[in-house]
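What follows is one structure encoded as structure tokens, with my remarks underneath.
There are 2 protein chains.
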Amino acid sequence: MEVLIEERQKSEFEVRSLKVLFWGGEESFEMVSRMATLAASDPVFKSDDRVTLSRGELIKSGLKKAAHVRKLVLDLSLSDREAYMLRIFVDERSYADLHWNMFVPALEGQATKEQQDYWLPLARSMKIIGCYAQTELGHGSNVRGIETTATFNAANDEFILETPTITSTKWWPGGLGKVATHALIQARLLVGKEDYGTHAFIVQLRDLENHKLLAGVKVGDIGTKYGNNTVDNGYLHLESVCIPRMNMLMRMAEVTKEGKYKKSDVPRQILYGAMVTAREIIISEAAINLSRAVTIAVRYSAVRRQFSGSGSEGMPEEQVLNYVTQQQRLFPLLAAVYAYQFSAQWLRWLYEDVQERIKKNDFSTLPEVHSCTAGLKALTTSVTAAGIEECRKLCGGHGYLCSSGIPELYAAYLPSCTYEGENIILFREVGRILLRTFLDSHKGKNSSGTTAYISRLKSFNVQNCGVVQGSDFFNEMILLRAFEMRSLELIRGCARKVLQSSDFQAGLDEYAVDIVEMAQAHCQLIVISKFLDKLQGEIPGPGVREQLQTLYYLYALSLIKEHIGDFLSSGYLTRTQASLVTKQLLVLYAKIRPNVVALVDAFNHTDHFLGSTLGSYDGDAYNRLYKGAWRNNPLNDTVVTDGYSEYIRPILTGQLGVSRL
Amino acid sequence: MEVLIEERQKSEFEVRSLKVLFWGGEESFEMVSRMATLAASDPVFKSDDRVTLSRGELIKSGLKKAAHVRKLVLDLSLSDREAYMLRIFVDERSYADLHWNMFVPALEGQATKEQQDYWLPLARSMKIIGCYAQTELGHGSNVRGIETTATFNAANDEFILETPTITSTKWWPGGLGKVATHALIQARLLVGKEDYGTHAFIVQLRDLENHKLLAGVKVGDIGTKYGNNTVDNGYLHLESVCIPRMNMLMRMAEVTKEGKYKKSDVPRQILYGAMVTAREIIISEAAINLSRAVTIAVRYSAVRRQFSGSGSEGMPEEQVLNYVTQQQRLFPLLAAVYAYQFSAQWLRWLYEDVQERIKKNDFSTLPEVHSCTAGLKALTTSVTAAGIEECRKLCGGHGYLCSSGIPELYAAYLPSCTYEGENIILFREVGRILLRTFLDSHKGKNSSGTTAYISRLKSFNVQNCGVVQGSDFFNEMILLRAFEMRSLELIRGCARKVLQSSDFQAGLDEYAVDIVEMAQAHCQLIVISKFLDKLQGEIPGPGVREQLQTLYYLYALSLIKEHIGDFLSSGYLTRTQASLVTKQLLVLYAKIRPNVVALVDAFNHTDHFLGSTLGSYDGDAYNRLYKGAWRNNPLNDTVVTDGYSEYIRPILTGQLGVSRL
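Sequence order for the protein chains is H and B. The letter at position 418 of the first sequence is residue 418 when you use the UniProt record's numbering, and the numbering goes up by one with no holes. The letter at position 507 of the second sequence is residue 507 when you use the UniProt record's numbering, and the numbering goes up by one with no holes.
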């Protein structure tokens with residue numbers, strides 16, 4: 001119990017200042033903190049019984065919490081941002097996340113002004129509850145493969161929606177199964193003999209008075225999932241369901257009364273508006289989710305002791321946190337939390353900037369936003385999912401108990417790697433854009449934004465980094481340049497291979513593996529450079545800058561070690577220089593070690609949000625673990641177990657032969 | 001539905017011959033096949049409702065299946081090996097696994113002849129049911145840290161057992177919570193003022209007539225876990241529990257009536273006998289578990305289509321299995337299954353050999369067995385756990401549905417990385433042995449067995465592999481040598497660093513990260529070399545050898561690509577040679593592609609054992625998925641969900657303010 005107090009006394013910086021920086025400024029931190037406390041202090045939001053609930057109970061519990069959030073939003077007049085953070089801290093996913101994070105933004109992006117005037121007030125006041133129905137049983141990432149159809153019927157000025165095959169059944173949309181009254185449905189638009197590809201349609205599913213299904217609509221729940229079983233991921237059949245023509249979202253293209261199809265001049269990227277919003281949210285949530293797991297693992301590693309410190313018996317065992325094998329796995333994840341949070345802050349700024357521009361019909365930065373959100377979504381969710389699992393392992397066996405909080409966190413987090421763009425497909429897309437940018441830059445078209453380095457360095461030969469001794473690696477620019485050179489070399493290599501193929505697309509397919517690695521490298525570079533931007537800005541608070549600088553070095557050097565082959569291959573590092581990296585990492589681990597508990601305190605997580613017997617603020621892990629065995633555990637209600645007389649006693653007494661099983 | 005039939009027609013080898021090879025010979029295959037069918041055809045062993053059961057129901061279901069297995073074992077007079085395989089295929093972990101895989105072997109290894117004569121007939125007939133209680137709430141891997149005490153009381157010729165603190169509570173042992181009548185307890189032996197460290201004691205926990213707890217014994221279940229919730233992992237308090245002196249297992253050391261402590265001359269490694277058995281089992285199960293996930297992912301990747309093959313609309317979409325990004329992630333796991341299975345076969349031979357030798361008091365090969373089982377356990381379980389999760393991702397979103405079978409497989413498999421030796425700690429141990437072997441070999445003591453290469457190559461300078469064109473990599477010896485050189489270079493580098501430290505142990509601690517990587521490299525080499533041994537033996541059946549050779553190349557080259565930095569650093573590969581590896585991998589993917597469905601068929605898994613809507617033999621994935629939504633899903637019993645009137649309607653009608661939540 002004393003150990004975390006001692007750890008906190010060792011730290012060399014002012015924690016509150018870092019909290020403020022982490023949460024994006026004083027005002028934002030104050031709001032976030034208020035919402036976290038609100039979630040933690042309300043008994044309705046208790047969640048420690050969740051792992052023992054049945055599926056039916058889970059859904060009901062999710063409904064109850066969602067309703068209570070809604071009530072608080074209304075009672076306390078919370079802003080959209082406050083409501084969003086409250087939902088994050090309540091930490092029980094439900095239809096409301098999909099309504100607010102997908103349905104509403106899709107209306108904002110794809111509906112015309114008139115349509116918005118009609119639908120948005122209904123959606124924003126939750127007089128209707130919407131879901132976003134794109135994925136089908138047989139069709140995920142490839143929107144073109146969608147089979148659901150919307151056929152224009154001029155006679156009644158309507159569309160007739162149909163899911164003609166089993167594989168066209170809408171499958172997965174959250175909120176669809178048991179709650180949503182309306183769905184935004186992606187369907188192929190058929191007018192006359194023409195197939196215009198997928199477009200979005202608003203379809204009412206349920207009666208607003210009694211929640212019964214409307215004619216031709218069949219929906220239900222798709223079954224138990226790995227995690228997130230508080231959400232009613234649903235299936236949907238449509239059999240000749242008619243909707244008014246005006247229920248097609250027409251910002252991108254319209255169908256007139258006469259059945260004429262007209263594309264608008266709004267760029268196609270707008271269509272991905274809802275997806276970009278969703279991805280932007282996913283990236284900022286990656287940092288939050290990883291920070292939860294890292295907090296638990298760091299605190300418990302301070303509490304947990306193993307093996308004798310001095311090698312002699314009788315001495316107290318060593319804190320697990322002191323082992324380099326623990327530090328090597330844990331500290332880079334801590335650094336990644338900060339790195340991703342700063343990338344997310346930059347991305348939010350970029351996103352708001354592009355929204356402003358779009359209002360002025362300036363679409364010039366859309367490709368950059370599209371590519372960065374796709375790439376960073378893929379990078380941060382992959383690392384976060386694997387990182388949460390790594391944190392579980394770093395808690396030893398006890399991480400396997402649900403009371404540790406990590407198994408549920410992991411299972412709930414995983415879908416982020418798949419939904420809103422499967423990560424490998426996103427990396428391939430980013431890779432395609434990078435190759436185009438590289439080839440364009442050779443034709444004299446300068447690249448800008450996060451790809452500016454391609455034009456800047458394209459005619460450089462890779463020069464060696466010039467590191468002589470290990471400490472030379474502690475140099476912001478040498479590290480940044482290492483990632484630029486590596487990324488550029490990978491792009492160059494891919495371009496060479498792809499250009500040798502019969503055509504560009506065939507090359508992209510054949511060398512997809514290399515292209516994914518190249519895109520990953522580029523995305524790591526973006527994160528590095530945004531971290532560096534942060535370091536070069538104002539950083540208030542005693543000692544805070546030093547901590548961030550150490551984390552920056554650690555983040556960069558850990559990646560260099562992990563991908564050492566790339567850096568050697570690029571020629572930026574020699575084998576001798578590479579051999580110095582490990583030693584420098586040990587120096588960084590030692591710098592972080594006394595500060596590490598304070599560095600996770602700076603995430604400002606409540607015990608409620610962590611939901612972990614191992615990771616609580618007071619460090620009282622063993623007593624909490626112990627008590628956890630009795631929490632909602634029916635097995636401990638009786639000494640002799642249910643099933644003893646049928647299934648155990650006959651074995652022990654040798655009477656199994658005559659017993660009936 | 002047709003697609004898997006077509007895939008099978010494309011294959012270029014005789015599947016049955018590979019089945020026989022995979023399962024270790026005709027007789028073994030026939031037995032395995034019989035047990036798999038027995039499990040699949042008995043309705044008691046149905047498992048597709050497992051994900052929807054509550055914890056209490058799960059335990060009872062586990063008890064029922066375990067009893068039914070026992071009944072079949074008796075009714076059909078199954079051998080130990082048959083019974084073991086039946087339990088594997090029933091695929092519902094229970095106390096019986098711990099009884100047979102831990103408790104019985106511990107008695108065999110640690111009890112004296114007389115003790116065995118008393119305890120083994122009771123245990124083998126299940127008149128008693130045992131568990132293995134070592135881990136404590138505060139003490140896992142470090143046996144020395146154990147706090148439970150057994151104090152000798154000469155007056156009554158007994159030991160008094162005590163768990164004096166909360167952290168000394170026994171915690172985790174499977175079977176302990178609700179079933180075991182006896183426990184093998186690791187406790188510190190105290191005689192007079194002397195503390196002799198941990199020894200094993202048999203303690204009866206429950207009355208054999210009525211299953212009530214004996215005086216001073218408190219046991220119960222530790223709560224819900226990530227997976228394996230059919231098992232009653234337990235806690236145990238002991239308060240002045242007296243047991244006869246002869247309940248101490250005395251093969252290693254005895255305490256006489258007079259309180260004299262005498263060590264026997266049996267080597268200490270025997271103490272780890274039960275653990276070596278358990279690890280050997282874990283390694284062979286790694287291959288089986290990974291093979292299940294790979295089968296599901298391969299079959300579903302053949303069924304699932306995404307994006308247009310030719311790029312043009314209207315064409316059927318491409319089989320996901322045709323994408324190199326899918327092949328690159330999936331095929332090396334397929335190769336790993338075969339590689340691990342062959343390592344396990346070798347290890348079983350080695351283990352049986354050592355058991356024979358021990359009977360003749362020849363302990364010379366014990367260190368090799370100990371080190372190989374430790375290292376291969378760590379390697380194979382780490383890769384298998386990560387590989388199962390990778391297979392889940394390779395199934396896209398649907399892998400997240402429990403009906404895919406993979407989430408449960410993963411959650412159930414994970415503890416293998418932690419129990420019977422946490423993997424990082426095992427690698428450190430193997431690393432320590434390797435460094436000792438290396439240093440000894442420089443003092444003229446030749447290394448043998450799996451470390452023979454250290455002496456053989458120690459004075460070689462690394463020579464380049466001599467590869468000129470990519471196809472030169474398709475050479476068994478070049479690949480084997482690559483791994484030997486890499487491993488040796490890593491050992492050399494670690495030895496250099498460690499020797500510079502103040503003392504050997506301090507060096508091991510400081511460079512633990514490098515040592516773990518070095519040990520991993522050595523274990524990969526073992527697997528490579530045992531795969532090669534297999535290739536060099538007899539391989540019956542048309543086309544089978546060619547398949548295994550391709551898989552060997554793939555296994556080796558994938559690892560070279562993954563750890564390219566090591567191979568570049570060792571000088572065995574130049575940057576130019578390294579750049580050829582990727583292209584050769586593409587060649588191998590193309591060779592495997594037409595055979596891949598047949599290569600997973602060769603694992604011989606029943607649909608029952610796979611337990612997957614996605615991976616069934618007939619490939620009817622979408623219909624099974626679809627029907628899966630209704631299986632034990634109470635949410636689909638009503639159209640309007642439970643909770644609608646309290647939690648949804650008030651939101652839609654704007655009456656939340658007046659509702660009571």
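Using N, Cα and C, we set each Cβ at its ideal position, and we do this for glycine too. Just so it is clear, the structure is predicted and the values come from calculations on it, not from any experiment.
When Cβ-Cβ separations below 7 Å define contact, Glu147 of chain B makes no contact with chain H. For Pro367 of chain H, the enclosing alpha helix (DSSP H) begins and ends at Leu366 to Leu394.
A direct Cα-to-Cα measurement between Thr550 of chain H and Gln327 of chain H gives close to 14 Å. Rounded to the nearest whole angstrom, the CA to CA distance from Asn633 of chain H to Ala66 of chain B is 22 Å.
Only those residues of the segment 169-187 of chain H whose C-beta falls short of 9 Å from the nearest C-beta of chain B are listed: Thr169, Trp171, Trp172, Gly177, Lys178, Val179 and Thr181. Its chain contains Ser501 as the residues whose beta carbon lies nearer than 7 Å to that of Glu510 of chain B, once the 5 sequence neighbours on both sides are disregarded; these appear in chain order. Against chain H, the CB of Gly628 of chain B has a partner CB under 7 Å away; the residue lies at that interface. Of the residues assessed, Asn461 of chain H falls on the exposed side of the cut-off, its CB having fewer than 16 other CB atoms within 10 angstroms. Per the coordinates, the alpha-carbon of Ala621 of chain B lies some 5 Å from the alpha-carbon of Leu614 of chain B. An exposed status is given to Ile5 of chain H, since fewer than 16 other beta-carbon atoms sit within 10 Å of its beta-carbon. Between the C-alpha atoms of Arg329 of chain B and Glu390 of chain B there is a straight-line separation of about 8 Å. In this structure, Tyr132 of chain B sits near Phe103 of chain B, with a CB-CB distance shorter than 7 Å.
Bridge partners of Lys225 of chain H according to DSSP: B:Leu401.
Thr149 of chain B places its beta carbon 7 Å or farther from that of Leu205 of chain B. Identification of residues in the segment 419-431 of chain H having a C-beta nearer than 8 Å to some C-beta of chain B yields Tyr419, Glu422, Ile424 and Arg428, given in sequence order.
Per DSSP, reduced to three states, the secondary structure at Met252 of chain B is coil, with no helix or strand assignment. The C-beta separation of Asn289 of chain H from Leu426 of chain H comes to about 18 Å, leaving the pair out of contact by the 8 Å criterion.
For Asn153 of chain H, no alpha helix (DSSP H) segment is defined; the enclosing uninterrupted segment is the beta strand (DSSP E) at Thr149 to Asn153.
The three-state secondary structure of Cys242 of chain H, taken from DSSP, is strand.
Within a 10 Å sphere around the beta-carbon of Glu12 of chain B sit fewer than 16 other beta-carbons, which makes this residue exposed. Short of 8 Å from the beta carbon of Ser61 of chain B, and not among the five residues preceding or following it, lie these beta carbons of its own chain, in chain order: Arg50, Leu53, Glu92 and Thr230. Taking C-beta atoms under 8 Å as the contact rule, Cys523 of chain H and Leu376 of chain H qualify, at a distance of about 6 Å. Residue-level contact check: Ile651 of chain B touches chain H, since one or more beta carbons of chain H fall below 7 Å from its beta carbon. Contact of Val640 of chain B with chain H is assigned, a C-beta pair being separated by under 7 Å. Look at Gly145 of chain B here: in three-state DSSP terms it is helix.
Just so you know, the alpha carbons of Ser616 of chain B and Leu586 of chain B end up roughly 28 Å apart. Residue burial annotation: Thr295 of chain B is buried, with at least 16 other C-beta atoms found within 10 angstroms of its C-beta. At the C-beta level, Asp514 of chain B and Cys494 of chain B come within 7 Å of one another. Chain B places no beta carbon closer than 7 Å to that of Asn464 of chain H, leaving this residue out of the contacts. In the three-state scheme derived from DSSP, where H, G and I count as helix and E and B as strand, Ala215 of chain B is classed as coil. In the three-state DSSP reduction, Val587 of chain H falls in the helix class (H, G or I). The alpha-carbon of Leu457 of chain B is positioned some 10 Å away from that of Ser441 of chain B.
Beta-bridge analysis with DSSP links Val298 of chain B to no other residue.
Burial is judged here by how many other beta carbons sit within 10 angstroms of a residue's own beta carbon; Thr165 of chain H has fewer than 16 and is exposed.
Ser343 of chain B is positioned such that its CB atom lies closer than 7 Å to that of Lys530 of chain B. Put simply, the backbone Cα of Lys360 of chain H is about 48 Å away from that of Glu57 of chain H.
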